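Asks: Sharing a structure below in structure tokens format, with a few things to ask.
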Amino acid sequence: MKMNVLTRYCRKALFVAATLAAGNFANATTVQFQTSLGDFEVILFDENTPKTVENFLQYVSDGAYTDSVIHRLAPNFVVQGGGFIFNDEAKLESIESRPAVVNEPEYSNLRGTIAMAKLGGNPDSATNQWYFNLGNNSANLDLQNGGFTVFGQVKDDGMDIVDAMADQTIFNMGGSFTTVPLVDYTSEDASNGVEVEADNFITIYAITVTDAATNTLGDLSPAKNTLITAQPTPAPSSGGGGGGSMPLAILAMLAAAGWLRRR
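Letter by letter, the sequence shown follows residues 14 to 276 of the working numbering.
Encoded structure:
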């Protein structure tokens, strides 16, 4: 069944009212993702990535992520959301974005972390889209495009739900949406022209604050991004006027370029 627009906006209005009643949560450290595949919590690094967390929490406070969808999946790499809502016209509708936030590449892109997507070639271009790292992506993402800002970590066994997102089948919905994970939708459905409905998407029903303590890390020991401050090793001279060979690490980063861009 398609999601009724009025129902969606009523749900968003109720969510905003509830968050306002909860008061100011500028120092919030834990949020709960309520999804169609289950709920899980994420601990935010608000003391070490303050601008990014403030930006994320503003979207949360506004209810911008209510009924948003996971619109991108790269198996063994990332699942990405925060940018779109599926509307009754069978289209992915963009969530209105706020001004971009400054890059804060303090932590490493390891499995279980959440980080901000951004535009290629612009380190300070993150707005509303985020992604979960499905594996150790530090070699690609800690240095590429100024480093991708990790601003939180999935708590306890929450990655079981994120992994369930990553287990869904990918479909090409046209345009920029070539790797959309869908639930209970098959290749046969696609071949027969069966319409994709709201229930086929992995939906983020809401993101809510569950802990407003000021100690952001607690018992966590997130890995620091050491690549962002490392100086590149000069390539050996070829003896002529040109440069040397490109290091393998740089080739790996270029191979992943373009994947974590805002759409």
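We put the CB at the ideal spot given by N, CA and C, even for glycine.
Computed from a predicted structure; not experimentally measured.
Ordered along the chain, which non-local residues of its own chain (more than five positions away) have a Cβ less than 6 Å from that of isoleucine 142?
Replies: The residue you call residue 142 lines up with position 129 of the sequence shown. For the record, residue 142 in the displayed sequence is glutamine; it is not isoleucine. Here the set comprises Gly95, Gly96, Ala130 and Arg275.
Asks: List the whole-angstrom C-beta distance separating leucine 195 from asparagine 213, where the pair is believed to meet the contact cut-off of C-beta under 8 Å.
Replies: Residue 195 sits at position 182 when you count from the first residue of the sequence shown. Residue 213 sits at position 200 when you count from the first residue of the sequence shown. Between asparagine 213 and leucine 195 the Cβ distance is about 5 Å, and since that is below 8 Å, they are a contact.
Asks: Mind checking who glutamine 181 pairs with in its DSSP beta bridge?
Replies: Counting from 1 along the sequence shown, the entry for residue 181 is found at position 168. In the DSSP output, where bridge partners are listed per residue, glutamine 181 has none listed.
Asks: Count the other C-beta atoms from every protein chain shown that fall within 10 angstroms of the C-beta of isoleucine 127, then say buried if there are 16 or more, exposed otherwise.
Replies: On the sequence shown, residue 127 is found 114 positions in, with the first residue counted as 1. Isoleucine 127 is buried by the Cβ-count criterion.
Asks: Sort Ser121, Tyr120, Ile98 and Val91 by Cα distance to alanine 110 and report the nearest one.
Replies: The residue given as residue 110 occupies position 97 in the sequence shown. The question names alanine, yet the displayed sequence has serine at residue 110. Taking only the C-alpha atoms, the option nearest serine 110 is Ile98.
Asks: Mind checking who aspartate 224 pairs with in its DSSP beta bridge?
Replies: Against the sequence shown, residue 224 aligns to sequence position 211. In the DSSP output, where bridge partners are listed per residue, aspartate 224 has Thr43.
Asks: Taking the straight line between their C-alpha atoms, what separation do you get for glutamate 201 and alanine 87?
Replies: The sequence position of residue 201 within the sequence shown is 188, counting from 1. The sequence position of residue 87 within the sequence shown is 74, counting from 1. Straight-line Cα distance between these residues: approximately 22 Å.
Asks: Using CA atoms only, rank isn't needed, just tell me which of Pro63, Val92 and Ala177 is closest to threonine 192.
Replies: Here residue 192 refers to the residue found at position 179 when the sequence shown is read from its first residue. Comparing Cα positions, the closest option is Val92.
Asks: By alpha-carbon positions, which one of Ile220, Glu117 and Gly159 ends up nearest to proline 136?
Replies: Here the question's residue 136 lines up with position 123 in the sequence shown. The shortest Cα separation from proline 136 among Ile220, Glu117 and Gly159 belongs to Gly159.
Asks: Does DSSP put alanine 219 in a helix, a strand or coil?
Replies: Position 206 of the sequence shown, counted from the start, is the residue given in the question as residue 219. Strand.
Asks: Which value, in whole angstroms, describes the spacing of the CA atoms of glycine 148 and aspartate 155?
Replies: For the purposes of this step, residue 148 is taken as the residue at position 135 of the sequence shown. For the purposes of this step, residue 155 is taken as the residue at position 142 of the sequence shown. Taking the straight line joining both Cα atoms gives about 13 Å.
Asks: Comparing C-alpha positions only, which one of Ala211, Ser204, Ser138 and Asn89 sits nearest to serine 49?
Replies: Position 36 of the sequence shown holds residue 49. If we check each option's Cα against that of serine 49, Ala211 comes out closest.
Asks: Below 8 Å on the Cβ atoms is my guess for glutamate 60 versus valine 44; work out the distance and round it to an integer in Å.
Replies: Start at 1 with the first residue of the sequence shown, and residue 60 comes out as number 47. Start at 1 with the first residue of the sequence shown, and residue 44 comes out as number 31. About 15 Å separates the two Cβ atoms, so there is no contact after all.
Asks: Whole beta strand (DSSP E) runs in the region 88-122 with 3 or more residues, listed along the chain?
Replies: 91-94, 97-99 and 105-107, all fully within the region 88-122.
Asks: Count the other CB atoms, across all protein chains shown, that sit within 10 Å of the CB of glutamate 117; report buried if there are 16 or more and exposed otherwise.
Replies: For this step, residue 117 is matched to residue 104 along the sequence shown. Glutamate 117 is buried by the Cβ-count criterion.
Asks: What does the alpha-carbon distance come out to for the pair alanine 113 and asparagine 68?
Replies: Position 100 of the sequence shown, counted from the start, is the residue given in the question as residue 113. Position 55 of the sequence shown, counted from the start, is the residue given in the question as residue 68. Answer to the nearest angstrom: the Cα atoms are 9 Å apart.
Asks: Buried or exposed for lysine 168, going by 16 or more other Cβ atoms inside 10 Å?
Replies: Here residue 168 is taken as the residue at index 155 of the sequence shown, counted from 1. By the 10 Å Cβ count, lysine 168 comes out buried.
Asks: Quick one: using the 10 Å Cβ neighbour count with 16 as the cut-off for buried, is threonine 42 buried or exposed?
Replies: For the purposes of this step, residue 42 is taken as the residue at position 29 of the sequence shown. Threonine 42 comes out buried.
Asks: Please state if the CB of phenylalanine 58 and the CB of phenylalanine 164 are separated by a distance shorter than 8 Å.
Replies: Within the sequence shown, numbered from 1, the residue matching residue 164 stands at position 151. Within the sequence shown, numbered from 1, the residue matching residue 58 stands at position 45. Yes, they are a contact pair.
Asks: Starting from tyrosine 78, follow its DSSP beta bridges and name the residues at the other end.
Replies: Your numbering for residue 78 matches position 65 in the sequence shown. None; tyrosine 78 has no bridge partner.
Asks: Any heavy atom of the ligand MN closer than 7 Å to the Cβ of glutamate 102?
Replies: Annotation note on the ligand MN: not contained in the displayed structure, which lists no ligands.
Asks: Out of Ala226, Thr199 and Thr239, state which residue places its alpha-carbon closest to the alpha-carbon of valine 209.
Replies: By one-based count along the sequence shown, residue 209 stands at place 196. Of Ala226, Thr199 and Thr239, the residue nearest in Cα terms is Thr199.
Asks: My guess is that asparagine 150 and asparagine 122 are in contact by the Cβ rule of under 8 Å, so how many angstroms apart are they, rounded?
Replies: To locate residue 150, count along the sequence shown from 1; it is residue 137. To locate residue 122, count along the sequence shown from 1; it is residue 109. Indeed, because the Cβ distance is near 4 Å, the residues count as touching under 8 Å.
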